[in-house]
Each structure stands twice: as C-alpha cells, then as structure tokens.
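Using full-length UniProt numbering, the first residue of the sequence shown is number 1, and each one after it goes up by one.
Structure first, commentary second.
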Amino acid sequence: MASPQVIIIGSGLSGLSLSIFLTRLIPTATIKIYEVRPSTHPSTTGTINLTPNALRVLDHLGIYKSLIPQGFNFDNLTMLNHQFDFLASIPIAGVSEFEYQSLRIERRIVHSALLEKVQGQPQVEIIYDAKCESVEESDSTVTVRFTNGTSATGDILIACDGIHSTVRKSFVKDPKDFDPKYTGQISVGGNITKAQIQEYNLKNNPYPMMMFGPEAGKGASFMVWPYNHDGDQFTFFTTLSKPDEEKDWKEFSDKQKLKDIMQETFLSEDSPWNEMVKKTVELSDVDSYRFWPFYLHSIPEKFYSEKARIVLIGDAAHAMPPSGGQGAAMAFEDAETLAYSLAGVLSTESSLGTPQGLEIMSKWSEHRIARMKTIQELNRRMADMRKGSTGSTSGVMFTVKVWAIWVLGLLGVLGRTRRAINNYDANKEAVGWLGEATIGKLE
Ligand SMILES: Cc1cc2nc3c(=O)[nH]c(=O)nc-3n(C[C@H](O)[C@H](O)[C@H](O)COP(=O)(O)OP(=O)(O)OC[C@H]3O[C@@H](n4cnc5c(N)ncnc54)[C@H](O)[C@@H]3O)c2cc1C
Ligand SMILES: *[C@@H]1O[C@H](CO)[C@@H](O)[C@H](O)[C@H]1NC(C)=O
Ligand SMILES: *[C@@H]1O[C@H](CO)[C@@H](O)[C@H](O)[C@H]1NC(C)=O
C-alpha cells in the first residue's frame with residue numbers, strides 16, 4: 001500500500017503514542033486522529049504510576065528523559081499496617097534489575113509530552129470535538145460516522161477510545177456482552193503536602209506507602225504517594241466498596257461529599273487507623289478530592305475485525321481495574337507492538353486483506369491476549385490486597401507477625417510476576433511474530 005490512510009479514534013495515551021510510532025515506521029502514511037474532547041482540555045487529570053515496561057515504550061518514543069525531572073522516581077514501595085507498623089519494602093522497579101525506576105507523574109504532563117511530539121509530525125492531524133458514533137468496514141475501506149452526521153473513510157481504523165469505546169460496540173458480535181460493568185468498588189482520594197503530614201511519619205518510613213486496614217468495612221487500604229520530582233507533593237487514595245452502581249455518579253462530583261466519605265471511613269470514633277492517615281484526611285484540601293468508579297468489560301477473542309481494517313488497543317480492547325496500575329502501560333505496549341505489526345503488514349508483499357497480512361494481525365492479537373493474562377494475575381493479587389483482609393483473617397490481623405507473613409506470602413508471587421511485567425520490550429517481542437529481518441528493516 002503506497003500511502004495508507006490511517007484513522008485513529010481517541011487522542012488519549014494509546015492513540016497519541018501509536019500515531020508517533022506510525023509516522024516513524026510508515027513514513028508515507030497519513031494519520032487522522034478524531035477526539036471528542038475540545039482542544040482546550042485534551043487530557044484528563046490526576047496522577048499515574050508508570051512502571052519500567054511503560055517507561056521503556058516512552059523511551060523508545062523519545063520522551064522518557066524529559067519526564068524524569070517532572071515526576072517522582074522511586075524503586076521501593078513501603079508496606080505498613082493500619083497501626084503504622086512496618087511490614088515490608090517491595091522492590092517494584094530499579095535501574096539495576098529492570099533498567100528503569102518507577103515514575104509517578106501527573107497524567108496531563110505525559111499527555112502533553114506526547115502531544116508535542118505529534119504536533120511536530122506533518123502527516124498527523126488531530127480533529128477535536130469529533131465524536132465517533134459507529135464504524136463499518138468493507139473489503140477495501142473502513143468508514144467512521146460522527147454524531148453530526150458526517151463520515152470519513154480510510155484504509156484502517158484503530159480504536160483508542162477508552163473503556164467506554166464506541167468502536168468496540170460496532171465491531172463485536174454481541175455488543176451487550178462487552179458493555180463495561182461496574183465492579184462495586186470506587187477509589188477516592190486527594191492531595192496533601194509532605195510539610196502537612198511529615199511529623200506523623202513517626203519512623204521516617206520512605207514514600208510511597210501502602211497501608212492495610214484490618215477490616216474492609218473501616219477502609220481496606222490507604223496509599224500516600226509523591227508525584228513531583230522533589231517528593232513533597234503527595235496524592236493519597238483508598239479503595240472502598242460501594243455495591244450499588246449510580247446512574248451518572250453526579251452526586252460524587254460534590255467534593256465535600258467525597259471528603260465526608262473519607263472522614264466517615266477513617267476518622268470515626270472506632271477508627272483503627274494511625275495518626276498519619278487521620279491527619280492526611282483531616283488536613284487535606286477539599287478541592288483536591290477526586291473519585292473513580294471501577295468498570296470492567298469482557299475482552300474480545302481477538303483485537304481486530306474480520307477484514308482486519310478495525311483494530312482495538314488500550315482500554316477499548318481490555319480495560320482493567322486500576323489496582324495493578326498497568327492500564328496505561330498496556331496501552332503503550334499495545335501501541336508499539338501494533339505499529340511494528342502494521343509496518344510489517346504494509347511493508348511486505350502482503351497487505352491488510354491478504355492471508356499473510358491477516359496472519360501477522362492474528363499473531364499480534366494472540367500475543368497481546370497472552371500478555372493480558374500475566375497482567376490479570378498481578379491485578380488479582382493487588383485487588384485482593386487493596387480490598388483488605390476480610391473473612392477468616394480479620395481480627396487476627398492485629399498482630400504484626402501475622403500481617404508480615406501475609407504480605408511476604410504475596411511477595412513471592414508478585415516478585416515472579418513483576419519481572420515478567422517490568423522487563424517486557426515490545427521491540428524484542430515483535431521479533432517473535434515478524435522475524436528479525438522485518439524488525440531490522442523497521443529500525
Ligand atoms: C483512577 C485510575 C487510576 C489509574 N492509574 C493508573 C496507573 O497508575 N498506571 C497505569 O498504567 N494506568 C492507570 N490507569 C489506567 C489508565 O489510565 C488507562 O488504562 C489508560 O488511560 C488507557 O489509555 P487509552 O488511550 O486506551 O484510553 P484513554 O486514555 O481513556 O483515552 C481515550 C480517548 O478517547 C476519547 N474518546 C472516547 N470516546 C470517543 C468517541 N466516541 N469519539 C472520539 N473520541 C473518543 C476520549 O476522550 C479519550 O481522549 C488508571 C485509571 C484510573 C481510572
Ligand atoms: C530500595 O531498597 C533496596 C533494598 O533495601 C535498597 O538497596 C535501595 O537503595 C532502595 N532504593 C531506593 C531508591 O531507595
Ligand atoms: C462534523 O464532524 C466532523 C468530525 O468532527 C468534522 O470534521 C466536520 O467538519 C463536522 N461537520 C459539520 C458540518 O459540522
């Protein structure tokens with residue numbers, strides 16, 4: 001295909017990174033990104049943690065080094081119980097073992113670094129205020145319809161439109177089966193400064209900290225996590241159980257209500273929590289509060305359509321609970337591996353509709369589904385931890401020894417999974433289904 005016309009729906013983390021890889025690997029492509037948000041607010045807010053596998057992709061994109069001074073770089077996560085007793089320090093990243101530290105950073109900083117790269121590429125155009133309504137493929141083209149009644153046509157369309165993906169709906173056989181489902185859990189949190197709470201960090205434990213509560217009903221876990229380079233601005237959050245789904249979650253946009261929920265949970269008369277947690281909630285600025293309900297959807301059998309002209313990546317393909325902190329990382333890995341695959345498809349004799357083209361897409365998709373399984377294992381463990389020690393262990397959990405054994409038991413599993421997660425290198429993996437020769441040509 002001489003000059004493929006690529007359509008990307010969504011300019012989130014996956015859409016932007018994919019477009020940058022494509023400009024490099026398929027220089028003749030023209031790329032149009034359609035985004036529902038207005039150009040004045042292109043990104044969502046909050047902070048994210050990026051593990052070495054995510055940072056490796058950002059390094060390949062040439063933006064990692066610029067992010068280092070803009071976020072909090074760390075290796076270890078300190079685990080404590082509700083009484084502030086030290087349980088363990090988990091090495092979750094580090095240059096010597098994984099090539100990279102971990103980085104917690106404001107999401108908008110990552111987004112704008114990607115956006116800046118995209119804006120330097122003449123073959124990419126971003127169209128804002130563009131809401132995709134449906135997509136449709138034929139043997140030789142793919143068409144997207146927008147809510148204003150117009151449409152656009154290209155050779156291939158990549159859905160990067162997040163967990164509530166519209167494209168996924170037009171692409172799977174039984175859309176209802178793939179609707180996002182509420183998980184019964186919400187995350188609530190806000191910001192605090194080190195200056196406000198350091199005096200309550202009695203043993204000067206290193207940040208970030210993850211604290212576990214003895215009973216899920218009184219708050220299962222509490223994180224305190226720096227997100228700027230000097231490590232003096234913190235974000236804090238907890239996961240709470242909330243069985244009933246709200247229709248539009250409008251009530252939860254009331255920040256005072258969010259702070260009230262945190263106060264009821266952590267500052268009640270019989271709260272088992274330490275002073276550090278109590279003071280964090282008490283002293284935090286109400287305007288800094290944020291909230292997220294957790295949704296999940298079933299993962300389709302494959303991430304591309306019958307004729308492979310529609311492809312899903314990122315949350316549109318496989319949204320996951322934030323507990324494992326791997327959603328953005330998977331979106332980045334998807335983008336890089338897909339870019340190699342598409343370049344492979346288009347650079348050989350094969351092209352999209354041919355058996356060779358379909359085979360590459362099928363191998364890519366299978367590889368990514370296998371990768372999802374590894375990540376889900378980590379997510380399950382982390383979610384169990386965040387939910388807290390309900391059931392048989394409750395009560396017993398007041399002794400430090402039992403706590404420590406419980407945490408160390410998890411560490412064995414997490415350690416093995418951690419290496420598989422952190423050391424993933426899209427470039428090396430893609431050799432598996434494209435071959436050395438193709439990857440060599442692409443570099
Ligand atoms: C509370 C919370 C904390 C998280 N923390 C972490 C973390 O620490 N580490 C981590 O790796 N991941 C984390 N994640 C997950 C991570 O944010 C997502 O996995 C990641 O943003 C997925 O990227 P994406 O590009 O697929 O989707 P998104 O970033 O959601 O982007 C989708 C884009 O598509 C646009 N769009 C949607 N519908 C349409 C439409 N119909 N037409 C046009 N455009 C459309 C949206 O406006 C958006 O810009 C967290 C998620 C949550 C909710
Ligand atoms: C993480 O922990 C290890 C082992 O205790 C220690 O050697 C290392 O210095 C720590 N890393 C950082 C950045 O504090
Ligand atoms: C309809 O939306 C598309 C995508 O945002 C845009 O390119 C086009 O200009 C819009 N057309 C009209 C008539 O509003």
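Even for Gly, the Cβ is constructed at its ideal location relative to N, Cα and C.
Predicted model only: the values in this text are computed from it and were never measured.
Any non-hydrogen atom of ligand 4 closer than 6 Å to Pro322 Cβ: Of the ligands one can find in the structure shown, namely ligand 1, ligand 2 and ligand 3, none is ligand 4.
Cα-Cα separation between Glu436 and Gly344, rounded to whole angstroms: As a first step, residue 436 must be located in the sequence shown, where it is residue number 436. As a first step, residue 344 must be located in the sequence shown, where it is residue number 344. One C-alpha to the other measures close to 11 Å.
Buried versus exposed call for Val95 [16 or more other C-beta atoms within 10 Å across all chains shown]: Position 95 of the sequence shown, counting from 1, holds the residue named residue 95. Classification of Val95: exposed, given that the 10 Å Cβ count is below 16.
Sequence-distant residues of the same chain with beta carbon closer than 6 Å to Gln5, five excluded per side: One-based indexing of the sequence shown puts residue 5 at position 5. Contacts found: Thr30, Gly154 and Asp155.
C-alpha distance - Phe332 paired with Leu13, whole-angstrom precision: As a working note, residue 332 is residue 332 in the sequence shown. As a working note, residue 13 is residue 13 in the sequence shown. If I take the Cα positions, the gap works out to 7 Å.
Cβ neighbour criterion (16 or more within 10 Å) applied to Ser19: Looking up residue 19 in the sequence shown gives position 19. Its Cβ being crowded by 16 or more others within 10 Å, Ser19 is buried.
Given Lys194 as reference, the closest of Thr235, Met210, Lys181 and Val172 once Cα atoms are compared: The residue given as residue 194 occupies position 194 in the sequence shown. Selected option, being the one with the closest Cα: Thr235.
Through-space distance from Asp59 to Met276, alpha-carbon basis: Taking the first residue of the sequence shown as position 1, residue 276 is located at position 276. Taking the first residue of the sequence shown as position 1, residue 59 is located at position 59. Straight-line Cα distance between these residues: approximately 36 Å.
Three-state class that DSSP yields for Glu137 in the structure shown: Residue mapping note: residue 137 aligns to position 137 of the sequence shown, counting from 1. Residue state, collapsed to three classes: strand.
Beta-carbon spacing of Glu377, Thr417 below 7 Å: Taking the sequence shown and counting its residues from 1, the one referred to as residue 377 is at position 377. Taking the sequence shown and counting its residues from 1, the one referred to as residue 417 is at position 417. A contact, by the Cβ cut-off of 7 Å.
Distance CB(Ile375)-CB(Gln326) smaller than 7 Å: Here residue 375 refers to the residue found at position 375 when the sequence shown is read from its first residue. Here residue 326 refers to the residue found at position 326 when the sequence shown is read from its first residue. Result yes, Cβ atoms of Ile375 and Gln326 sit closer than 7 Å.
C-alpha distance - Gly353 paired with Asp334, whole-angstrom precision: For this step, residue 353 is matched to residue 353 along the sequence shown. For this step, residue 334 is matched to residue 334 along the sequence shown. Straight-line Cα distance between these residues: approximately 21 Å.
Exposed unless 16 or more other CB atoms sit within 10 angstroms - verdict on Gln185: Residue numbering aside, residue 185 sits at position 185 when the sequence shown is read from its first letter. Buried is the call here.
Inter-residue CB distance, Val258 and Phe291 (contact presumed, cutoff 8 Å): The residue you call residue 258 lines up with position 258 of the sequence shown. The residue you call residue 291 lines up with position 291 of the sequence shown. It is worth fixing the name first, because residue 258 is Leu in this sequence and not Val. Right, their Cβ atoms sit about 5 Å apart.
Simplified DSSP state of Arg309, which is helix, strand or coil: For the purposes of this step, residue 309 is taken as the residue at position 309 of the sequence shown. Residue state, collapsed to three classes: coil.
C-alpha gap between Thr438 and Ala159, whole angstroms: Here the question's residue 438 lines up with position 438 in the sequence shown. Here the question's residue 159 lines up with position 159 in the sequence shown. Taking the straight line joining both Cα atoms gives about 25 Å.
For Val124 and His111, the rounded distance between their alpha carbons: Start at 1 with the first residue of the sequence shown, and residue 111 comes out as number 111. Start at 1 with the first residue of the sequence shown, and residue 124 comes out as number 124. About 16 Å.
Any non-hydrogen atom of ligand 3 closer than 6 Å to Ala130 Cβ: In the sequence shown, counting from the first residue as 1, residue 130 sits at position 130. It does: the Cβ of Ala130 is within 6 Å (strictly closer) of some heavy atom of ligand 3.
Three CB pairs or more closer than 8 Å across the stretch 23 to 37 and the stretch 73 to 85: no
Ligand 2 heavy atom lying under 6 Å from the CB of Asp230: Here residue 230 is taken as the residue at index 230 of the sequence shown, counted from 1. Asp230: no, Cβ never under 6 Å from ligand 2.
heavy atom of ligand 2 below 6 Å from residue 446 C-beta: Here the chain has residues from 1 to 443 only, and residue 446 is not among them.
CA nearest to the CA of Ala93, picked from Gln101, Leu87 and Phe86: Taking the sequence shown and counting its residues from 1, one reaches residue 93 at position 93. Comparing Cα-Cα distances from Ala93 to each of Gln101, Leu87 and Phe86, the minimum goes to Gln101.
Residues passing the C-beta test against ligand 2 heavy atoms, cut-off 5 Å: Result (chain order): Asp75 and Asn76.
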